[in-house]
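>
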Amino acid sequence: MNGVQDMGGMHNMGPIVHEANEPVFHEEWERRAFAMLLLCLGGGHYNLDMARRAIELMPPAEYLDTSYYEHWMHGLEVLMAEDGSLTREEIDARVAQLAAAGVH
Amino acid sequence: MGAHHHHAPPSDVRIRVRAIESLLLEKGLVDSAAMDKIVETFEKDIGPRRGAEVVAHAWTDPEYRKRLLENGTAAIGEFGYTGLQAEEMIVVEDTPKVHNMVVCTLCSCYPWTVLGLPPVWYKSAPYRSRVVIDPRGVLKEFGVTLPESTEIRVWDSNSELRYMVLPMRPEGTEGLSEEALAELITRDSMIGTGLPKTPAEVAA
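Which chain is which? The protein sequence lines are A and B, in order. This note's numbering puts the first residue of the first sequence at 1, with every later residue one more than the last. This note's numbering puts the first residue of the second sequence at 1001, with every later residue one more than the last.
#1: May I ask which residues mark the beginning and end of the beta strand (DSSP E) holding L1166 of chain B?
#2: Please tell me whether K1123 of chain B has its Cβ less than 8 Å away from any Cβ of chain A.
#3: Mind checking the region 1025-1036 of chain B against chain A and listing, in chain order, the residues whose C-beta falls within less than 8 Å of any C-beta there?
#4: Note down the Cα distance separating L39 of chain A from D49 of chain A, rounded to an integer number of angstroms.
#5: Compare the C-beta of P59 of chain A against all C-beta atoms of chain B and say whether one is closer than 8 Å.
#6: Answer with buried or exposed for R88 of chain A, where buried requires no fewer than 16 other C-beta atoms within 10 angstroms of its C-beta.
#7: Once the 5 residues before and after T1186 of chain B are set aside, which same chain residues still bring their CB inside 6 Å of it?
#8: Using a Cβ-Cβ cutoff of 8 Å, what residues of the region 30-50 of chain A are near chain B? List them in chain order.
#9: When the Cα atoms are used, what is the spatial distance from E30 of chain A to L1117 of chain B?
#10: Which residues of the region 1150-1167 of chain B have a Cβ closer than 7 Å to any Cβ of chain A? Give them in chain order.
#11: Express the C-alpha separation of V1091 of chain B and E1043 of chain B in angstroms, rounding to a whole number.
#12: Beta carbons nearer than 7 Å to chain A: which residues of the region 1126-1143 of chain B have them?
#13: Output, in chain order, the set of chain A residues within a Cβ distance shorter than 8 Å of G1083 of chain B.
#14: What number of angstroms, rounded off, separates the C-alpha of L76 of chain A from the C-alpha of I1152 of chain B?
#15: Hey, G102 of chain A and V1132 of chain B: beta-carbon distance below 8 Å or not?
#16: Assuming P1199 of chain B contacts G1172 of chain B under a Cβ cut-off of 8 Å, what Cβ separation, rounded to an integer in Å, is found between them?
#17: Rounded to a whole number of angstroms, what is the C-alpha to C-alpha distance between S1177 of chain B and D1036 of chain B?
#18: Using a Cβ-Cβ cut-off of 6 Å (strictly less than) and excluding sequence neighbours within five positions of Y1127 of chain B, which residues of its own chain qualify?
#19: Tell me the rounded alpha-carbon separation between V4 of chain A and V1138 of chain B.
#20: Between the Cα of Q97 of chain A and those of B:T1145, B:D1188 and B:I1020, spot the shortest distance and give me the residue it belongs to.
#21: Would you list, in chain order, the members of the region 83-95 of chain A that have their beta-carbon closer than 9 Å to a beta-carbon of chain B?
#22: Tell me, please, whether the CB atom of S1108 of chain B is closer than 8 Å to any CB atom in chain A?
#23: Check for me: the beta strand (DSSP E) holding D1036 of chain B runs from which residue to which?
#24: Report all residues from its chain with a CB closer than 6 Å to the CB of G1192 of chain B; omit the five preceding and five following residues, and keep chain order.
#25: Starting from the beta carbon of R52 of chain A, find every residue of chain B whose beta carbon is closer than 7 Å, and list them in chain order.
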């Protein structure tokens, strides 16, 4: 698909930030996200091609402004909804519930 | 890019991931212990030490080197390193005339089983966009300057096919064991954005 993800040769994306002794994950949510992605993949809810397609259908501006694991979480949400396993409404309701309980 | 400017505040991402995790747990679609195990595996077991082992072996065993370049998947499989994101591996060899670099311009395909999860820069727009049009400039940002006469080849990975670089063995390492050689082999030298360390650099 000819989308923003096809970025080979694009100009002006800025300097490459190389972090010395970079950890495997930077934040706890990245650990949890990665593990969920693999388990739902292993559970047969989608395959890697479907996951990539879901990410490539992100709005371009959003794609450019979010990190790797956010892309994958976007893909997970789309695919689990398509699969009928988890709806956006359920997620939104749980987010509201957690926020109300003071989780951040 | 990426980690450095999130559109959504980080707290929104955290809470959304937590919401999804709690729902998937309740539905029995993921298991907490299995999640912990995956994280532990990728933080402790799977990483570039594996690739370094493969490269050090290729440096010391010409027959293995031949097998590795002919059929990367099978030769890496001899170490038991098989599976997700390394289904089809091609190993490309640096020589005095050719320097190889690996990218995935379309996403972030990377040989997980031999190098672990990719660093943030590998997944970032600046690297993915630029390395294919200005590999020398990118190398310079990584502190590597090659002779003008060295040809640079950039290999664009995809979900079916992944590359690893077999860097050149540094001079002055003739007497070193495979284990000592593996210490010289950095992650970046197997992506092509770096060179192996010299014994003096390791000692420093």
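We treat Cβ as the ideally placed atom computed from N, Cα and C, and that holds for glycine.
Reading off the structure:
#1: Counting from one through the second sequence, the residue named residue 1166 of chain B turns up at place 166. From DSSP, the beta strand (DSSP E) with L1166 of chain B extends over R1162 to L1166.
#2: Here the question's residue 1123 of chain B lines up with position 123 in the second sequence. Yes, its Cβ sits closer than 8 Å to a Cβ of chain A.
#3: So the list reads K1027, L1029, V1030, D1031, A1034, M1035 and D1036, given in the order they occur along the chain.
#4: Here residue 39 of chain A is taken as the residue at index 39 of the first sequence, counted from 1. Here residue 49 of chain A is taken as the residue at index 49 of the first sequence, counted from 1. C-alpha separation (whole angstroms): 16 Å.
#5: Position 59 of the first sequence, counted from the first residue, corresponds to residue 59 of chain A. Not closer than 8 Å to any Cβ of chain B, the Cβ of P59 of chain A fails to qualify, so no.
#6: Stepping through the first sequence from its first residue, residue 88 of chain A is reached at position 88. Exposure of R88 of chain A is indicated by the presence of fewer than 16 other C-beta atoms within 10 angstroms of its C-beta.
#7: If you number the second sequence from 1, residue 1186 of chain B lands on position 186. Cβ neighbours of T1186 of chain B beyond the five flanking positions: G1194.
#8: Across the region 30-50 of chain A, CB contacts with chain B closer than 8 Å involve R31, R32, A33, F34, A35, M36, L38, L39, C40, G43, H45, L48 and D49, in sequence order along the chain.
#9: Mapped onto the first sequence, residue 30 of chain A falls at position 30. Mapped onto the second sequence, residue 1117 of chain B falls at position 117. When rounded, the distance between both Cα atoms is 12 Å.
#10: Residues D1156 and S1159.
#11: As a first step, residue 1043 of chain B is located in the second sequence; it is residue number 43 there, counting from the start. As a first step, residue 1091 of chain B is located in the second sequence; it is residue number 91 there, counting from the start. Distance from the CA of E1043 of chain B to the CA of V1091 of chain B, rounded to the nearest whole angstrom, comes to 24 Å.
#12: When CB distances to chain A are screened at a threshold of 7 Å, the residues of the region 1126-1143 of chain B falling below it are P1126, Y1127, R1128, S1129, R1130, V1132, I1133, V1138, E1141 and F1142, in chain order.
#13: As a first step, residue 1083 of chain B is located in the second sequence; it is residue number 83 there, counting from the start. Using a Cβ-Cβ cut-off of 8 Å, G1083 of chain B is close to nothing in chain A; its nearest Cβ partner there is about 11 Å away.
#14: Taking the first sequence and counting its residues from 1, one reaches residue 76 of chain A at position 76. Taking the second sequence and counting its residues from 1, one reaches residue 1152 of chain B at position 152. Cα to Cα, the separation comes out at about 37 Å.
#15: Taking the first sequence and counting its residues from 1, one reaches residue 102 of chain A at position 102. Taking the second sequence and counting its residues from 1, one reaches residue 1132 of chain B at position 132. By the CB criterion at 8 Å, G102 of chain A and V1132 of chain B fall outside the cutoff.
#16: Translated into positions along the second sequence, residue 1199 of chain B becomes position 199. Translated into positions along the second sequence, residue 1172 of chain B becomes position 172. Right, their Cβ atoms sit about 6 Å apart.
#17: As a first step, residue 1177 of chain B is located in the second sequence; it is residue number 177 there, counting from the start. As a first step, residue 1036 of chain B is located in the second sequence; it is residue number 36 there, counting from the start. Take the alpha-carbon of S1177 of chain B and the one of D1036 of chain B: they are about 36 Å apart.
#18: Counting from 1 along the second sequence, the entry for residue 1127 of chain B is found at position 127. Its chain contains W1121 as the residues whose beta carbon lies nearer than 6 Å to that of Y1127 of chain B, once the 5 sequence neighbours on both sides are disregarded; these appear in chain order.
#19: The residue labelled residue 4 of chain A in the question sits at position 4 within the first sequence. The residue labelled residue 1138 of chain B in the question sits at position 138 within the second sequence. V4 of chain A and V1138 of chain B have their C-alpha atoms roughly 21 Å apart.
#20: Looking up residue 97 of chain A in the first sequence gives position 97. Nearest of B:T1145, B:D1188 and B:I1020 to Q97 of chain A, Cα basis: B:I1020.
#21: Contacts with chain B (Cβ-Cβ distance below 9 Å) from the region 83-95 of chain A involve S85, L86, E90, I91, D92, A93, R94 and V95, listed in chain order.
#22: On the second sequence, position 108 is the one that residue 1108 of chain B refers to. Closer than 8 Å to some Cβ of chain A, the Cβ of S1108 of chain B qualifies, so yes.
#23: Position 36 of the second sequence, counted from the start, is the residue given in the question as residue 1036 of chain B. The continuous stretches of beta strand (DSSP E) do not include D1036 of chain B, which lies in the alpha helix (DSSP H) extending over residues S1032 to E1040.
#24: Position 192 of the second sequence, counting from 1, holds the residue named residue 1192 of chain B. Closer than 6 Å at the Cβ level, and outside the excluded window around G1192 of chain B, lie N1100, M1101, V1102 and V1165.
#25: As a working mapping, residue 52 of chain A is identified with position 52 in the first sequence. Close to R52 of chain A, with beta-carbon spacing below 7 Å, are these residues of chain B in chain order: C1107 and S1159.
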